[in-house]
Every structure is written in C-alpha cells, then in structure tokens.
Amino acid sequence: MTPPESPAAGPGRAGRTRTAWGALVPVVALAAGLLFATSGQTAQGSDLRAGDVTELRALLAERNEVIAEQEEQLAALEDQAQALTDQAATRDGAVAAAAAQAEQGALSAGLVELRGRGVEITLDDAPRRPDGGLPVGARPDDVVIHQSDVQAVVNAVWAAGADGVAIMDQRLIATSAVRCVGNVLLLQGRTYSPPFVVTAIADPAAVRAQLAASPQVAVFEQAVEAYGLGFSVRDRAEVVVPAYGGSFDMDFATPSDG
C-alpha cells in the first residue's frame, strides 16, 4: 500500500524546513556514500539478498522439521489418552456417555477424514520470464499469490456448501485463518510455498458458480489474465479431506454466552 502523501508545510514552516534540509543534505550524501562503499566491499560483486533468502529457507525447513516431530509426539499422546478413555468408559457410565457425545460431534468439528466427489483448485505464482524481468506494467507484488486470493477462493468454496475444505494437507475449520507473509502461506503452524492447492468435497458445478459470482475472485482472475498467474479448477471423482489435527484453543476470541 502506498502511504498517503504528507500535506504541504504551512507558510510559517516552509522557510525553516528548507533550511533544515539544506543542512542535512551533505550529511545524508556522506552517509549514503559510506553505505554504498561498505555494501560493495561486503558483497564483492554478489547479491547480498541471496544469502538472506537461503538462510530464511533453511530456517523454514528446520522449523517444519521441528513441527513434524512435535506433531508425531502429539499423535502418540492422543492415542494414549484415547486408549485410557476407552478403558475408563467400560467401567464408568458417565465417561461412556461423554465419549459417545463427543463422537457424535466429531464429524461437524472436522475431526473425521472425509472422502467424496469434489474439486481441486490450484493457485500459483506467475512463471519467471527467461530474462528475469516482469510483465509490462507489473510490479513484483502483481506476479505472486496473496492471502486475499487464497481467502477469496476458500470463501467461494464454503459458499458453495462444501462438506469439507483443506489447503495443502491442512483441514480448515471455523477457527482456521489463512495468512501469508510474502508468498509463503502460514497455516496452523506450518509454512507452505506456492502452488497452493485447495481441495473440497462439494458439488463442482456449485463451486464454479460461486467462483464466478465472487467479486474478489474476479479481481484475482484479472491478475491471472494480465500477469500470467496460475489458476485452475478441476473436477475430481474423489478427493480426500484429512481430519483436523490442530489446536482448538482460541487466543483472540471467546464463545458468546448465548
């Protein structure tokens, strides 16, 4: 977003502002020269940002490995807890009743894997040009998938009456949030790079109708046409939407009393 332009200084401040800037110009020029010299000495003809990108990717990969290990530990603990619950239910009627009630709500809570007819929607960044340049009139932000693009597609899929929706390998529930940092998707503690794949168990015709009716998707499709972003919708005879495996704790919301 381009920040709003600052209002022009009033008549009583104009002269003082020019004087201050006049005094600062030599200082700024000297500092810029020192920065250029330091950057040139450090880079020695290479791109300084390349090292930063490589380091960031390594950190993301390391973080994903840690999360995967923690998820395995969590799954093992959940299995133990379930075994103990099942054992207690054989001896305690209250536990058995509570377990039966929880099982009835598992489907609506997204805790059960679903299979059925649906769609697979893929969103991807525009391919790099051979010369490394951008399409005419495009900015770097124009050729990457944004949070708003993914959210628009997901909203349209829900509006089509989907029984279950997943992005990549993560099931979405009512409290799931789609967040992006640059062109990296952050979803339930994991990071994903494009292409982003949305799978949904839903009537494909209804999904296509909702995508066509969405103003937000229409804006995205204009960028697809103008800059070559990837966007495809494929009907699938069977898709698999995994069970939700994230946390149900709400950090920034609480259920209403009603």
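Numbering (my numbering) for the sequence shown: 514 to 771. We treat Cβ as the ideally placed atom computed from N, Cα and C, and that holds for glycine.
task: Would you mind giving the Cβ-Cβ distance between Val667 and Val711, rounded to the nearest angstrom? I have them listed as a contact below 8 Å.
output: 6 Å
message: Using a Cβ-Cβ cutoff of less than 7 Å, which residues in the same chain neighbour Ala589 once the five nearest sequence positions on both sides are dropped?
response: none
task: Give every residue of the same chain whose Cβ lies closer than 8 Å to the Cβ of Ala756, excluding the five residues on either side of it in the sequence, and list them in chain order.
output: Gly623, Leu624, Val625, Glu626 and Arg684
task: Can you check DSSP and say which residues form a bridge with Gln683?
output: Ile680
- prompt: Among Thr598, His659, Gly677 and Gly759, which residue has its Cα nearest to the Cα of Ser706?
  reply: His659
message: Quick test of your reading: Arg630 and Arg749, contact by CB under 8 Å. State the CB separation rounded to the nearest angstrom.
response: 7 Å
Among Leu724, Ala736 and Gly741, the one whose alpha carbon lies nearest that of Ala673: Leu724
Pick from Pro643, Glu734 and Gly702 that is closest to Glu582, judged by C-alpha positions: Distance from the Cα of Glu582 is smallest, within the candidate group Pro643, Glu734 and Gly702, for Gly702.
query: Counting Cβ pairs, one atom from each stretch, are 3 or more of them under 8 Å apart for the stretch 631 to 640 and the stretch 738 to 746?
result: yes
message: Once DSSP output is grouped into helix, strand and coil, what is the label at Glu751?
response: Glu751: strand per DSSP, three-state reduction.
message: Measuring straight from C-alpha to C-alpha, what distance separates Arg652 and Asn577?
response: 30 Å
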